[in-house]
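These notes are about the structure you will find just below.
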Amino acid sequence: MNLSDPEKFISSFDRPNLSLTVAPGRDKFKSILGFLRQRPHQAGIIYCLSRKATEGLSEKLRNAGVNASYYHAGLSAEERAKRQEDFINDEVPIICATIAFGMGIDKSNVRWVIHYNLPRNIESYYQEIGRAGRDGLKADTLLFYSFSDVIVHRKFIDESKLKEVSHAKLERIQQFCDAQICRRKILLSYFGEHLEEDCGNCDVCKNPPQLFDGTIIAQKAFSAIVRLKEQVAAGTLIDVLRGSSRQDIISKGYNQIKTYGAGKDIAHQDWQQYLLQLLNLGYITVAYDHGNALRLTEQAKEALFGERLVKLVHLASMKSEPVIKPIEKKTSKQLDREGLFEALRKLRLQISREENIPPYLVFSDATLHEMTQDKPTSEFEMKMISGVGVRKYQLYGELFINEILNFQQSKNREAKKSGESFYKTYEYYKQGFSVDEIASIRKVNPVTIYSHLASLYEKGADIDLYEFFSSRELEQIENAFRSLNYTENIKELYMYMGEEIEYYKIRLAISYLKVTSS
Numbered sequence: 006m007n008l009s010d011p012e013k014f015i016s017s018f019d020r021p022n023l024s025l026t027v028a029p030g031r032d033k034f035k036s037i038l039g040f041l042r043q044r045p046h047q048a049g050i051i052y053c054l055s056r057k058a059t060e061g062l063s064e065k066l067r068n069a070g071v072n073a074s075y076y077h078a079g080l081s082a083e084e085r086a087k088r089q090e091d092f093i094n095d096e097v098p099i100i101c102a103t104i105a106f107g108m109g110i111d112k113s114n115v116r117w118v119i120h121y122n123l124p125r126n127i128e129s130y131y132q133e134i135g136r137a138g139r140d141g142l143k144a145d146t147l148l149f150y151s152f153s154d155v156i157v158h159r160k161f162i163d164e165s166k167l168k169e170v171s172h173a174k175l176e177r178i179q180q181f182c183d184a185q186i187c188r189r190k191i192l193l194s195y196f197g198e199h200l201e202e203d204c205g206n207c208d209v210c211k212n213p214p215q216l217f218d219g220t221i222i223a224q225k226a227f228s229a230i231v232r233l234k235e236q237v238a239a240g241t242l243i244d245v246l247r248g249s250s251r252q253d254i255i256s257k258g259y260n261q262i263k264t265y266g267a268g269k270d271i272a273h274q275d276w277q278q279y280l281l282q283l284l285n286l287g288y289i290t291v292a293y294d295h296g297n298a299l300r301l302t303e304q305a306k307e308a309l310f311g312e313r314l315v316k317l318v319h320l321a322s323m324k325s326e327p328v329i330k331p332i333e334k335k336t337s338k339q340l341d342r343e344g345l346f347e348a349l350r351k352l353r354l355q356i357s358r359e360e361n362i363p364p365y366l367v368f369s370d371a372t373l374h375e376m377t378q379d380k381p382t383s384e385f386e387m388k389m390i391s392g393v394g395v396r397k398y399q400l401y402g403e404l405f406i407n408e409i410l411n412f413q414q415s416k417n418r419e420a421k422k423s424g425e426s427f428y429k430t431y432e433y434y435k436q437g438f439s440v441d442e443i444a445s446i447r448k449v450n451p452v453t454i455y456s457h458l459a460s461l462y463e464k465g466a467d468i469d470l471y472e473f474f475s476s477r478e479l480e481q482i483e484n485a486f487r488s489l490n491y492t493e494n495i496k497e498l499y500m501y502m503g504e505e506i507e508y509y510k511i512r513l514a515i516s517y518l519k520v521t522s523s
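In this text, residue positions in the sequence shown follow our numbering: the first is 6, and each later residue adds one.
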């Protein structure tokens with residue numbers, strides 16, 4: 006090529022906005038439901054190994070109230086096109102799909118990608134998770150990893166032509182899944198990049214795996230493999246270890262071997278995970294041409310005779326269920342932003358339907374988030390938002406400014422209404438009515454009136470809160486308030502004080518302490 010000093014543009018493979026998580030392949034559907042319920046209204050893709058799995062999983066999700074569809078090469082061209090358009094246009098936010106789905110999908114706000122099955126290699130995995138977070142905002146990836154997936158992949162490889170290369174690639178993604186160091190470092194090193202620091206955005210960084218001495222567990226498995234003459238697959242081995250009374254186990258005399266039932270204290274799914282670890286650590290191999298029978302390696306024989314320790318990962322540190330985060334008390338500012346974002350998202354969807362274009366072509370999620378942050382209400386301010394150029398402003402700018410103004414006016418009306426409600430309570434209080442009387446007049450619970458008085462006191466209203474609690478009660482509440490590091494969690498304070506002081510008194514006392522100590 007006769008190019009004169011051409012410029013070179015080299016971009017990194019790193020996608021720091023993607024979180025990376027690998028979980029054992031047990032209770033997958035329950036785990037996915039937990040994952041989705043933490044991410045309402047978000048678009049995502051679930052990649053499955055087979056067409057049947059995409060159909061079955063999407064049906065289970067729909068039965069659980071999740072708006073999901075499926076996509077695979079067995080559908081007609083018209084049906085594939087329709088489902089792809091529904092996904093792009095936010096009509097169906099979740100697609101269960103084979104790898105046939107995703108090529109050419111230009112949807113910037115895919116917030117997560119789940120691999121229901123182990124991908125065949127790191128290239129496929131990287132390409133598929135790359136469909137999430139293209140707008141640069143945070144996105145999540147979750148990969149389920151199981152012994153059965155490894156067996157299926159290796160069986161396909163043995164029937165293919167490029168066995169050696171394919172086996173090597175499968176081993177690399179297994180190493181990625183079994184990583185005990187930062188996953189992003191492993192992923193980037195595969196593509197020839199070096200990450201100096203741990204990423205802090207993968208499950209290994211956030212929750213380092215805990216190792217334990219698994220020699221006895223391994224010895225039970227190795228002994229059973231030997232006594233079964235290395236002629237059974239993983240499922241049968243586990244049944245023997247757990248003392249199954251299946252007819253074929255009994256008829257073949259497997260119930261007579263010394264290790265029959267030696268592992269009955271370990272669940273079937275947990276045995277699968279331990280065997281997967283032993284396979285990946287090189288203690289056992291699979292004879293794919295002999296019914297997937299398990300065979301021991303030399304190092305397994307060393308461990309069997311006590312010449313080698315076997316370190317395994319605690320299954321408790323390999324959670325398949327995403328950790329349910331405690332509900333954080335959001336500030337009114339955060340709630341306002343969420344409410345405004347949802348209002349802008351609905352407007353975007355309405356425009357996209359009217360113009361028959363994907364929502365992201367109106368504005369991206371990143372642009373909407375910036376609008377909720379800055380709340381532009383003029384042409385100049387709107388054009389300062391990233392993603393709003395001259396043309397976009399001409400098409401949609403005023404519509405979104407009006408939506409922001411309407412939202413703010415609505416919030417102001419609510420605030421005014423709330424203020425009027427507080428004012429009415431204050432008027433009755435100044436006239437000498439008791440809390441119970443005010444509650445009766447206003448047809449609300451007395452607790453609401455106490456809350457009004459507490460808030461009014463914090464705003465400087467002339468209210469004698471001391472009439473509602475004694476000096477001793479105030480002292481108790483103050484001590485608890487300080488001991489629990491000034492928490493305003495009424496229930497927590499109530500329990501700490503032995504459930505002796507009523508909730509309303511705690512609420513009033515906290516307001517009193519906040520004002521008098523400021």
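Even for Gly, the Cβ is constructed at its ideal location relative to N, Cα and C.
Contact belief for residue i with residue j at Cβ below 8 angstroms, rounded distance in angstroms
| i | j | result |
| --- | --- | --- |
| Gln277 | Ile243 | 7 angstroms |
| Asp145 | Ser24 | 5 angstroms |
| Gly266 | Gly240 | That belief does not hold up - the Cβ atoms of Gly266 and Gly240 are roughly 16 angstroms apart, past 8 angstroms. |
| Leu142 | Asn22 | 6 angstroms |
| Ile482 | Ile506 | 7 angstroms |
| Tyr428 | Val440 | With a Cβ gap of about 16 angstroms, Tyr428 and Val440 do not count as contacting. |
| Tyr365 | Lys87 | About 19 angstroms separates the two Cβ atoms, so there is no contact after all. |
| Ser178 | Asn126 | The sequence given here places Ile at residue 178; Ser does not occur at that position. Right, the Cβ-Cβ distance comes to about 6 angstroms (below 8 angstroms), so this counts as a contact. |
| Ala102 | Tyr76 | 4 angstroms |
| Phe92 | Ile100 | 5 angstroms |
Cβ neighbour criterion (16 or more within 10 Å) applied to residue i
| i | result |
| --- | --- |
| Asp140 | buried |
| Val367 | buried |
| Ser369 | buried |
| His120 | buried |
| Asn114 | buried |
| His457 | buried |
| Thr26 | buried |
| Ser357 | buried |
| Met387 | buried |
| Asn122 | buried |
| Arg512 | buried |
Cβ-based neighbour list, residue i, same chain, cut-off 7 angstroms, excluding 5 preceding and 5 following
| i | result |
| --- | --- |
| Leu38 | Ala69 |
| Leu314 | Asp218 and Thr220 |
| Leu283 | Ala223, Ala226 and Ile289 |
C-beta neighbour in chain C for residue i, strict 7 angstroms
| i | result |
| --- | --- |
| Glu493 | Absent here is chain C; the protein component of the structure consists of one chain. |
Residues that residue i bridges to, as DSSP identifies them
| i | result |
| --- | --- |
| Thr290 | Arg300 |
| Val27 | Leu148 |
| Asp3 | The first residue shown for the chain is 6 and the last is 523, placing residue 3 beyond what the model contains. |
| His120 | Tyr52 and Leu148 |
| Val115 | Ala48 |
Collapsed DSSP secondary structure at residue i in the structure displayed
| i | result |
| --- | --- |
| Cys207 | strand |
| Cys101 | strand |
| Lys380 | coil |
| Tyr76 | strand |
| Tyr517 | helix |
| Asp270 | coil |
| Val395 | helix |
| Cys187 | coil |
| Ala137 | coil |
| Phe427 | helix |
| Tyr265 | coil |
| Ser165 | coil |
| Arg159 | helix |
| Leu66 | helix |
| Leu200 | coil |
heavy atom of the ligand MN below 6 angstroms from residue i C-beta
| i | result |
| --- | --- |
| Ile50 | Among the components modelled here there is no ligand, and therefore nothing to report on the ligand MN. |
Contact set for residue i: own chain, Cβ-Cβ below 8 angstroms, skip 5 residues either direction
| i | result |
| --- | --- |
| Ser228 | Lys263, Thr264, Ala267 and Leu309 |
| Leu345 | Met376, Thr377, Lys380, Ile409 and Phe412 |
| Ile162 | Lys168, Ser171, His172 and Leu175 |
| Arg3 | Since the first residue of the chain shown is 6 and the last is 523, residue 3 is not available in this structure. |
| Gly394 | Lys388 |
Contacts around residue i, its chain only, beta-carbon distance under 6 angstroms, and the 5 residues preceding and following it disregarded
| i | result |
| --- | --- |
| Leu2 | Look at the range of the chain in this structure, 6 to 523, and you will see that residue 2 is not part of it. |
| Leu280 | Phe152 and Ala239 |
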